[in-house]
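2 protein chains.
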Amino acid sequence: MVIARRRTKYSKLQYQARARVAKALAHPSRLLILDAIADGEKCVCELTELVGADQSTVSKHLAILKQAGIIDDRKEGSKTFYRPRICCLQGLWECIESVLRENLKAQQKAIGQ
Amino acid sequence: MVIARRRTKYSKLQYQARARVAKALAHPSRLLILDAIADGEKCVCELTELVGADQSTVSKHLAILKQAGIIDDRKEGSKTFYRPRICCLQGLWECIESVLRENLKAQQKAIGQ
DNA sequence: CCGGTTCATGGTGGCGTGGCCATGCCGCCA
DNA sequence: TGGCGGCATGGCCACGCCACCATGAACCGG
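Protein chains in written order, with this note's numbering: chain A, 260 to 372; chain B, 260 to 372.
Spelled out as structure tokens, the structure:
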């Protein structure tokens, strides 16, 4: 019996699972929300004001982040507080920032040339 | 003159720039491609076979990654080789993986309960 | 020069995403 | 208990994404 040699490091399903998480991060308002709750939970009304969109829109963004397992919520009275569920997002910021820095450098070089 | 207090850590434009990078990562085929070229450049025909989609589809995925500044290309004869432009993507994997691990743990706890 | 290979691009259709509005549910308080 | 504030959900619409097909440009080999 021959074991089929795996041509990719992971299965398609694993890449799909990762892409779901990445997709949840792929919106400026959701990144802003993550930044806002990085140093303490906030309720929906606070986040709505920060984002500057409709309350229902913000609520849906929060549902997406929660569905992806990136944030968690806690209900207290009539309010819902959201907080990050994973602390490692800092590493993600640095990665994206390094991409942006490299892009900027390349642009500057292209202009100067 | 009063300096307006910034309510968010960064400007909307900065979050948009970050979201563009995150969006480029938010597709399983693109993640597979990044993994495939992590240890050496590959041409489009190789990646097409790995992804298992149409050649034009793969070519568009590569254009998206290049546009985001995540990969770079090198033309040699009739072939085009792509390679990662940033080495720090490893940290990103670990972050996403930790989210997935936490999700799995939560699911197991929910089932066991 | 000609056929084949490699890759990029435009077109098109289906489907998901994201915005707002309206509405409903729930907890609080007078 | 009735009104109010906080939040989630469904409906709707516009837009964007992503798949494929077809085509064209560039290069190589004969």
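The C-beta atom is built at its ideal place from N, Cα and C for all residues, glycine as well.
Top-ranked residue by Cα proximity to residue i, from the options
i              : options                        : result
G328 (chain B) : A:P287, A:N362, A:H286         : A:N362
L249 (chain A) : B:V358, B:L359, B:R344, B:C354 : The first residue shown for chain A is 260 and the last is 372, placing residue 249 (chain A) beyond what the model contains.
A295 (chain B) : A:L324, A:S337, A:G371, A:K268 : A:K268
K282 (chain A) : B:K319, B:I355, B:C304         : B:I355
L293 (chain B) : B:S315, B:K334, B:G336, B:F340 : B:F340
C304 (chain A) : A:K325, A:G350, A:W352, A:S337 : A:S337
L309 (chain B) : A:G350, A:H320, A:S270         : A:S270
P287 (chain B) : A:G371, A:A276, A:K319         : A:A276
Start-to-end residues for the beta strand (DSSP E) that takes in residue i
i              : result
K268 (chain A) : Note, K268 (chain A): premise wrong, no beta strand (DSSP E); not H, not E.
E335 (chain A) : 330 to 335
R342 (chain A) : 338 to 343
Burial state of residue i, where buried means 16 or more other Cβ atoms lie within 10 Å
i              : result
L373 (chain B) : Outside the displayed span of chain B (260 to 372) sits residue 373 (chain B), for which this structure offers no information.
I330 (chain A) : buried
L306 (chain B) : buried
A369 (chain A) : exposed
R266 (chain A) : exposed
R289 (chain B) : buried
K301 (chain A) : buried
L272 (chain B) : exposed
A285 (chain A) : buried
A322 (chain A) : exposed
R342 (chain B) : exposed
A278 (chain B) : buried
A365 (chain B) : exposed
Residue interval of the alpha helix (DSSP H) (run including residue i)
i              : result
D294 (chain B) : 287 to 295
E361 (chain A) : 348 to 371
I323 (chain B) : 314 to 326
L284 (chain B) : Segment: none, L284 (chain B) is in no alpha helix (DSSP H) and carries neither H nor E.
E300 (chain B) : From DSSP, E300 (chain B) is part of no alpha helix (DSSP H); its letter is neither H nor E.
Could you name the residues of the segment 282 to 310 of chain B whose beta carbon sits closer than 7 angstroms to any beta carbon of chain A, in the order they occur along the chain?
Here the close residues are K282, L284, A285, H286, P287, L290, L291, D294, A295, L309.
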